[in-house]
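K.L.:
Take a look at this one; I'll ask things after.
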Amino acid sequence: MSDEPASTLLAGVAEHRVGEHLCKVLANAAVNADYRHLRLAAPPAALTARPGQFFHLLCPAGASGTPFLRRPMSVYEVNAAAGEIAFLYKVHGEGTRALATLRPGDVLDAAGPLGRGFTIDPAWHRILLVGRGVGLATLAPLAVVAAAQGIGVTALLSVRRPDLVMSVALLEAIGAEVHVVHDADGSSEVRAVERRLEQMIAAAPVDAVFTCGSARLLTLLQRFVAAHGLIGEVALEQQMACGLSMCFCCVRPFRVGDLVEHRRVCWEGPVFDLMEAMP
Amino acid sequence: MSDEPASTLLAGVAEHRVGEHLCKVLANAAVNADYRHLRLAAPPAALTARPGQFFHLLCPAGASGTPFLRRPMSVYEVNAAAGEIAFLYKVHGEGTRALATLRPGDVLDAAGPLGRGFTIDPAWHRILLVGRGVGLATLAPLAVVAAAQGIGVTALLSVRRPDLVMSVALLEAIGAEVHVVHDADGSSEVRAVERRLEQMIAAAPVDAVFTCGSARLLTLLQRFVAAHGLIGEVALEQQMACGLSMCFCCVRPFRVGDLVEHRRVCWEGPVFDLMEAMP
Amino acid sequence: MTDLSVTIGSLRLANPVMPASGTFSEALADAIDLDRLGALVAKTVMPEIRQGNALPRVAETPMGMLNSIGIPCKGPEAFIRDAIPAFKRFHPPFVASISAGTVTAFAHLARQVGEGGADVVEANISCPNLEADGHAFAVSAAATAHVTKALRAATDGPLWVKLSPNAPNIAEVALAAEAEGADAVVVANTILGMAIDIDHRRAKLGAGMGGLSGPAIKPIVLRMAYQCARALRIPVIGCGGIASAEDALEFLIAGCRAVQVGTATFRHPGAMIHILDDLDTWCRARGIERIDDLIGTLEPFEAPRLPPGEDLAAE
Amino acid sequence: MTDLSVTIGSLRLANPVMPASGTFSEALADAIDLDRLGALVAKTVMPEIRQGNALPRVAETPMGMLNSIGIPCKGPEAFIRDAIPAFKRFHPPFVASISAGTVTAFAHLARQVGEGGADVVEANISCPNLEADGHAFAVSAAATAHVTKALRAATDGPLWVKLSPNAPNIAEVALAAEAEGADAVVVANTILGMAIDIDHRRAKLGAGMGGLSGPAIKPIVLRMAYQCARALRIPVIGCGGIASAEDALEFLIAGCRAVQVGTATFRHPGAMIHILDDLDTWCRARGIERIDDLIGTLEPFEAPRLPPGEDLAAE
Ligand SMILES: Cc1cc2nc3c(=O)[nH]c(=O)nc-3n(C[C@H](O)[C@H](O)[C@H](O)COP(=O)(O)OP(=O)(O)OC[C@H]3O[C@@H](n4cnc5c(N)ncnc54)[C@H](O)[C@@H]3O)c2cc1C
Ligand SMILES: Cc1cc2nc3c(=O)[nH]c(=O)nc-3n(C[C@H](O)[C@H](O)[C@H](O)COP(=O)(O)OP(=O)(O)OC[C@H]3O[C@@H](n4cnc5c(N)ncnc54)[C@H](O)[C@@H]3O)c2cc1C
Ligand SMILES: Cc1cc2nc3c(=O)[nH]c(=O)nc-3n(C[C@H](O)[C@H](O)[C@H](O)COP(=O)(O)O)c2cc1C
Ligand SMILES: Cc1cc2nc3c(=O)[nH]c(=O)nc-3n(C[C@H](O)[C@H](O)[C@H](O)COP(=O)(O)O)c2cc1C
Ligand code: FES
Ligand code: FES
């Protein structure tokens, strides 16, 4: 490490693995009534983000002041060639409302990449992704990276209403087999999903299962994975302050054998072994 | 006063004399190295502002957070026909740096008009304005209103450097006789200014004298006004919190006969009798 | 319309929103309709004529401000002659805030303003600017009991005691005021703070230190208001950093019977009206017909903890 | 380059900037060069294995945050075996923060971590989350004297005592720590606060109340640091809301010998490096060669007031 003072905060951090990147906003458009797609120009260090990792975003000032804490967002797309990263986010509370005000040309401070992403074994033939709501944003880059390694992707997307479904085009473009279920016609109910999954893997067996976005689906998949002798991972959420293992506010309980252990979502996760997670 | 709840803050306030106006920024361009000209679309209640009155501006979030207190700014132009008001401001500290980031289309919250403006007697033939630096911003609308009433205007503008002189075009357009002095050639020194003023009023006698922007010029003019049996007013500055007479942080001492009395710049001022002011 | 009325002792207020002393004057009528407020509270008046502290008297801080105004004052006679009638032109009850350096002077002043027409006497026993390093009656339960007793003897009307967040244990001080006959406590005044002009290496306030107010202090004062409301039978009036209906609701749910709004009015002259309108909207959206039903509805907690690691072993 | 070195008792630090306990771990090496810091301070360790408080453990507030983490802890053995060596890979002195529920356990732990390799023992006698309503050793001068004396007897190395801003008179508590042999005091821990989720009418923190930190509290803590620095002969280390070199300079000019940076690192992982670079730039721009020359240079003040009105009559 050099002893010379870094001339700016960014420079001081850039040589390290986790950077505080000042990214220019390229686009921040509504995808549907609830979600927005935020595209940023990002420096090389940010482009190393792997599926399941996240960035910690410093929200701009909103209507009720500047949100003090950063907001964690999974990386949704990494386009290394174009030097871009993207997020898909739901407008929810103060922080995401403030993010929604960003205009092209504005600068967003994104710290990352952070956390431990998904495991991919190149020897696998096919993986199953089961996502609910904005959980799709977290699973999408996994599908892209798996497909690039020649691994087949089967995806089940669960949404409240058909008009809120996202990423189907992205998934189909990489050759994934995509199933959509929703609350309106009851197809997203646990029993229905379970039957559907059985049919899906009967038609095309999978090596591993990945999920994000629903405690109900997590429980279902724990049964499913145990019954079929599969392995799997889940990406979990928890409120964060530091995003860097320091504050212990983001812990969740995990079952490890007979013990229950606290782990930090920002550090040991956000991706965890599917069977150890507690919904 | 109606008993019905006002549906928004603005509506609740608009029926009263002092409004909290959400004004769209039309332009916010640099005039020279130090100063910016901020033009706002303003509602009718804001267009009643008279020369010497001010608005209290809620600065947007800047680099180091949101400035908590509002910033007082004299109204520089009121264009009732176009529905516009304008300010001329010096970029100085955190608040004015934040103001400088405003872009056309942004919304600025301007409370006002506030304070007591300049006195104009339609019977006058000619007035003398003596301003230094950004004090010109405060005196300019007085010149415009006086000229519209057929009162002649003689103006002496004192600046640090010739390139920082402003408003000359505006003053000449209304037929004012304009004299510029600056520090570079020593023409702005007290003695030199005093001589110059003597010549000016010898050539064109005046009924009243107005000043803003310099303690040194104030002292000089107190002598001058006393010597010539004139009357005059000065616009003073002081840090403000409420801008509305409530907090007593903006007091200054005034000499009233043999007594010294505290008056609030936001309420009894910002325009005061020239002879009572203490520099 | 939601029924926003609340009761403070014998006094019925049309709603729980009123200004905080020192951040309000009848000049605000230029900006809002004062008749919509729950009560009107004047700047503290003291027995003597005073100019207040040295300039500068305010400094900006992150989401807050420091002030060391120091209670400039024209004296009780001018107050009774000029200020009280000016406030009494409006309908809401008029609260006179008073302070003094001695118990005797305090009691005398309470009687004067009571006879002069004040509907409520609010005793500011907490102003941190008047004594070195913030000492005041309000930092001691004994001194608070002493002054409250004298005030209670001096006036028959409603007596509110305004506490200081600089007190070591504010609930204990509040209990002392309650025991000696206060009709309500106001929680709280400003928190003693400081800011330094690093270029000139001097305090940003002429008086060196001053009181911190604004959103920055809200979490601290809310905690204190909750501690007092939990301990007292008399009403608590919350005051500290309240800038929105949501802020006001935090204090009401924590057990406050009313709220005072101070610094927020400096940022938004219409803040109190905004709060009132939004309180109504918020209640109506949730089918809450009387604001009174919300007061003190905070779910109890007793600092639950995750059990120590060992106990979890068997889950 | 400005000479940024400072001395805390027998310890020479390369510069006055270090992390605050509980807001730092060696993982920050992923983001900044830890060898540039003045010292490294670990999260408080306690004698027993603990899971910490119920979730949620943090809540956002205006320019600050509340936390009720509650000191999850794997116990002293794991700390000495795993954590100390991880920190000792870096050059700056390593400060172990310890806490305990009894004086005996406190002293025992001090000896353990001292022998385990800590360069400094920082006694966290102020954590407001461990006792109901924020009681802790640090709110009483007597209890502080008692525990400091035991700690002093238990360890020969540098002993810092970290105070609580919830103490009624922090300078008095600081004097008690000084009298019993502390080498420095850290001013201060978090201020007890609260936030309420109005929709669910429950506290936003699982533990009900928690400690407020961040820029919001800076004016309050700066005032306390100044009061302590004025009263003590031993060094004061300032801690509370420091997020920039300007903030750090306020504390240094007020008389602090060093500063700790907590919550700022959550917003900007590089905050401490930024502060160091800007301190150097600021000093160089002003021809200040040693930061030491700045410490305690605040112009004295004694709450000057404008004279009362009558006296001004003749001016
Ligand atoms: C690792 C990780 C990845 C995520 N990826 C995405 C994503 O790709 N797209 C997306 O829309 N959302 C994602 N989330 C959730 C997202 O962080 C929250 O929706 C967001 O923080 C809400 O902030 P707010 O201010 O709008 O809501 P508020 O409810 O006002 O937030 C209040 C506080 O709670 C926290 N919080 C609220 N909801 C959540 C949540 N679900 N998870 C964690 N913290 C929360 C906020 O960060 C803030 O500290 C992710 C969360 C985590 C932990
Ligand atoms: C009635 C009135 C009219 C004014 N009109 C103009 C104008 O037309 N154009 C213009 O450029 N300036 C004007 N000023 C001065 C302007 O208000 C200050 O330059 C501005 O507040 C500085 O804010 P800052 O955050 O940039 O500076 P900072 O120094 O960072 O401000 C810190 C604090 O000091 C206050 N402050 C600093 N300088 C002044 C000052 N000179 N007067 C009052 N408060 C001050 C700020 O409002 C703020 O509260 C006027 C002042 C007053 C009182
Ligand atoms: C400029 C200013 C002047 C004040 N003057 C007084 C006063 O005279 N008497 C008093 O009891 N409180 C006074 N206060 C304290 C306020 O009434 C209130 O208790 C405090 O500001 C906290 O509320 P806020 O955060 O809503 O402002 C003053 C506060 C400010 C900001
Ligand atoms: C999440 C969090 C955890 C903390 N844990 C500890 C701790 O374990 N021990 C301690 O002495 N202080 C702890 N603190 C207090 C900080 O060390 C510091 O005193 C306080 O946050 C004020 O500084 P700041 O405003 O710079 O954060 C913690 C603070 C935060 C925000
Ligand atoms: S967010 Fe701080 S430890 Fe995970
Ligand atoms: S700014 Fe508050 S009285 Fe003038």
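The listed protein sequences derive, respectively, from chains P, R, D and C.
Our numbering puts the first sequence at residues 1 to 279.
Our numbering puts the second sequence at residues 1 to 279.
Our numbering puts the third sequence at residues 1 to 315.
Our numbering puts the fourth sequence at residues 1 to 315.
No residue lacks a Cβ here, since even glycine has one placed at the ideal position from N, Cα and C.
Keep in mind it's a predicted model, so treat the numbers as computed, not measured.
Under a three-way DSSP split, which group does residue 8 (chain P) fall into?
P.N.:
Against the first sequence, residue 8 (chain P) aligns to sequence position 8. Here the model assigns residue 8 (chain P) a pLDDT of 32, short of 50, so the residue's position is not dependable, and the following value carries that caveat. Three-state result, residue 8 (chain P): coil.
K.L.:
Kindly indicate if chain P contains any beta-carbon less than 9 Å away from that of residue 97 (chain C).
P.N.:
Looking up residue 97 (chain C) in the fourth sequence gives position 97. Judged by the 9 Å Cβ criterion, residue 97 (chain C) is not in contact with chain P.
K.L.:
What residue does the alpha helix (DSSP H) around residue 119 (chain C) start on, and which one ends it?
P.N.:
Locating residue 119 (chain C) in the fourth sequence gives position 119, counting from the first residue. Per DSSP, residue 119 (chain C) belongs to no alpha helix (DSSP H) and is neither H nor E.
K.L.:
For a minimum of 4 consecutive residues, which ranges assigned as the alpha helix (DSSP H) are wholly contained in the region 133 to 163 of chain D?
P.N.:
Here the runs fully enclosed are 141 to 154.
K.L.:
When a residue counts only if its C-beta is closer than 5 Å to some heavy atom of ligand 2, which residues count, in chain order?
P.N.:
Every residue passing the under-5 Å Cβ criterion appears here: R:54, R:69, R:71, R:72, R:73, R:74, R:89, R:90, R:92, R:93, R:94, R:95, R:96, R:134, R:137, R:237, R:239 and R:270.
K.L.:
Tell me the residue span of the beta strand (DSSP E) that contains residue 261 (chain R).
P.N.:
Reading the second sequence from its first residue, position 261 is the one you call residue 261 (chain R). Where residue 261 (chain R) is concerned, the enclosing beta strand (DSSP E) stretches over 259 to 264.
K.L.:
So, do the region 236 to 249 of chain R and the region 60 to 77 of chain R have three or more beta carbon pairs nearer to each other than 8 Å?
P.N.:
Segments in contact, yes.
K.L.:
Using a Cβ-Cβ cut-off of less than 7 Å, list which residues of the region 163 to 177 of chain C approach chain E; keep chain order.
P.N.:
The chain inventory of the structure shown lacks chain E, comprising the protein chains P, R, D and C.
K.L.:
Return the residue from the list C:113, C:227 and C:114 that minimises the CA-CA distance to residue 165 (chain C).
P.N.:
For the purposes of this step, residue 165 (chain C) is identified with residue 165 of the fourth sequence, where counting begins at 1. The shortest C-alpha separation from residue 165 (chain C) is found at C:227.
K.L.:
Quick one: residues with CB closer than 7 Å to any heavy atom of ligand 5, in chain order, please.
P.N.:
Having a Cβ closer than 7 Å to some heavy atom of ligand 5 are P:240, P:241, P:242, P:243, P:244, P:245, P:246, P:247, P:248, P:249, P:250, P:264, P:265, P:266 and P:267.
K.L.:
Please report the distance separating the alpha-carbon of residue 259 (chain P) from that of residue 248 (chain P).
P.N.:
Taking the first sequence and counting its residues from 1, one reaches residue 259 (chain P) at position 259. Taking the first sequence and counting its residues from 1, one reaches residue 248 (chain P) at position 248. Distance between the alpha carbons of residue 259 (chain P) and residue 248 (chain P) is about 19 Å.
K.L.:
By how many angstroms is the C-alpha of residue 70 (chain C) removed from the C-alpha of residue 56 (chain C)?
P.N.:
Stepping through the fourth sequence from its first residue, residue 56 (chain C) is reached at position 56. Stepping through the fourth sequence from its first residue, residue 70 (chain C) is reached at position 70. Their Cα atoms are separated by approximately 11 Å.
K.L.:
Using a C-beta cutoff of 9 Å, does residue 91 (chain R) count as contacting chain D?
P.N.:
By one-based count along the second sequence, residue 91 (chain R) stands at place 91. So no, residue 91 (chain R) is outside the interface.
K.L.:
Nearest CA to the CA of residue 10 (chain C): which residue from C:184, C:106 and C:197?
P.N.:
Looking up residue 10 (chain C) in the fourth sequence gives position 10. Ranking the options by Cα distance to residue 10 (chain C), first place goes to C:184.
K.L.:
Applying a beta-carbon distance threshold of less than 8 Å, which residues of chain D neighbour residue 87 (chain C)?
P.N.:
Here residue 87 (chain C) refers to the residue found at position 87 when the fourth sequence is read from its first residue. The premise fails here: residue 87 (chain C) is roughly 23 Å from chain D at the closest Cβ pair, so nothing lies under 8 Å.
K.L.:
Using three-state DSSP, classify residue 237 (chain P) as helix, strand or coil.
P.N.:
The sequence position of residue 237 (chain P) within the first sequence is 237, counting from 1. Reduced to three states, the DSSP call for residue 237 (chain P) is coil.
K.L.:
By the criterion of Cβ-Cβ separation under 8 Å, what are the contact partners of residue 28 (chain D) in chain R?
P.N.:
By 1-based counting over the third sequence, the position of residue 28 (chain D) is 28. Those within 8 Å of residue 28 (chain D) in chain R are 244 and 246.
K.L.:
Which one of D:174, D:275 and D:45 has the shortest CA to CA distance from residue 81 (chain D)?
P.N.:
Stepping through the third sequence from its first residue, residue 81 (chain D) is reached at position 81. It is D:45.
K.L.:
Looking at residue 239 (chain C) and ligand 4, is the gap between the Cβ and the nearest heavy atom below 8 Å?
P.N.:
Sequence index remark: in the fourth sequence, residue 239 (chain C) carries index 239 (1-based). For ligand 4, at least one heavy atom lies less than 8 Å from the Cβ of residue 239 (chain C).
K.L.:
Give me the Cβ distance between residue 208 (chain D) and residue 301 (chain C), rounded to the nearest whole Å; I'm assuming they're in contact under 8 Å.
P.N.:
Your numbering for residue 208 (chain D) matches position 208 in the third sequence. Your numbering for residue 301 (chain C) matches position 301 in the fourth sequence. Their Cβ separation, rounded to whole angstroms, is 4 Å, which keeps residue 208 (chain D) and residue 301 (chain C) in contact under 8 Å.
K.L.:
At a Cβ cut of 8 Å, what residues of the region 62 to 76 of chain P count as close to chain C, listed as they run along the chain?
P.N.:
For the region 62 to 76 of chain P, which is checked against every Cβ of chain C, the residues closer than 8 Å are 65, 66, 67, 68, 69 and 70.
K.L.:
Can you check whether the C-beta of residue 17 (chain P) is within less than 9 Å of a C-beta belonging to chain C?
P.N.:
Here residue 17 (chain P) refers to the residue found at position 17 of the first sequence. At least one chain C Cβ lies under 9 Å of residue 17 (chain P).
K.L.:
Consider the C-beta atom of residue 67 (chain P) and the heavy atoms of ligand 1; say whether any pair is separated by less than 8 Å.
P.N.:
The residue labelled residue 67 (chain P) in the question sits at position 67 within the first sequence. Yes.
K.L.:
DSSP on residue 280 (chain P), reduced to helix/strand/coil?
P.N.:
Absent from the model: residue 280 (chain P). The displayed extent of chain P is 1 to 279, so no value can be given.
K.L.:
Using DSSP with H/G/I as helix, E/B as strand and the rest coil, what is residue 283 (chain D)?
P.N.:
Taking the third sequence and counting its residues from 1, the one referred to as residue 283 (chain D) is at position 283. Here residue 283 (chain D) sits in helix by DSSP.
K.L.:
Just to make sure I have the definition right: I need the residues of chain P whose C-beta is within less than 7 Å of the C-beta of residue 56 (chain C). Which are they?
P.N.:
Position 56 of the fourth sequence, counted from the start, is the residue given in the question as residue 56 (chain C). Result: 239.
K.L.:
Counting contacts by CB-CB distance shorter than 9 Å, is residue 16 (chain C) in contact with chain D?
P.N.:
Reading the fourth sequence from its first residue, position 16 is the one you call residue 16 (chain C). False, the Cβ-Cβ gap to chain D never drops below 9 Å.
K.L.:
In chain C, which residues lie less than 7 Å from residue 58 (chain P) when you measure between Cβ atoms?
P.N.:
Taking the first residue of the first sequence as 1, we reach residue 58 (chain P) at position 58. In chain order: 267.
K.L.:
With respect to the beta strand (DSSP E) encompassing residue 131 (chain R), which residues constitute its N-terminal and C-terminal limits?
P.N.:
As a first step, residue 131 (chain R) is located in the second sequence; it is residue number 131 there, counting from the start. Taken as a continuous stretch (DSSP letters only), the beta strand (DSSP E) holding residue 131 (chain R) covers 126 to 132.
K.L.:
Between residue 53 (chain C) and ligand 3, is there a pair consisting of the residue's CB and a ligand heavy atom that are separated by less than 8 Å?
P.N.:
The residue you call residue 53 (chain C) lines up with position 53 of the fourth sequence. Result no, Cβ not under 8 Å from ligand 3.
K.L.:
Whole-angstrom Cβ separation of residue 173 (chain C) and residue 163 (chain C), contact assumed at under 8 Å?
P.N.:
To locate residue 173 (chain C), count along the fourth sequence from 1; it is residue 173. To locate residue 163 (chain C), count along the fourth sequence from 1; it is residue 163. About 6 Å separates the two Cβ atoms, so the contact holds.
K.L.:
Residue 14 (chain D) to residue 118 (chain R), Cα distance in whole Å?
P.N.:
Position 14 of the third sequence, counting from 1, holds the residue named residue 14 (chain D). Position 118 of the second sequence, counting from 1, holds the residue named residue 118 (chain R). Computed Cα separation, rounded: 41 Å.
K.L.:
Taking a cut of 7 Å between CB atoms, which residues from the region 97 to 114 of chain R lie near chain D?
P.N.:
Flagged, chain order: 111.
K.L.:
What residues are listed by DSSP as bridge partners for residue 28 (chain P)?
P.N.:
Here residue 28 (chain P) corresponds to residue number 28 of the first sequence, with the count starting at 1. DSSP output for residue 28 (chain P) lists P:38 as bridge partner(s).
K.L.:
Alpha carbon to alpha carbon, how far is residue 216 (chain P) from residue 265 (chain P)? Give it in angstroms, no decimals.
P.N.:
Stepping through the first sequence from its first residue, residue 265 (chain P) is reached at position 265. Stepping through the first sequence from its first residue, residue 216 (chain P) is reached at position 216. Their backbone Cα atoms lie some 19 Å apart in a straight line.
K.L.:
DSSP three-state call for residue 112 (chain R): helix, strand or coil?
P.N.:
For the purposes of this step, residue 112 (chain R) is taken as the residue at position 112 of the second sequence. Three-state result, residue 112 (chain R): strand.
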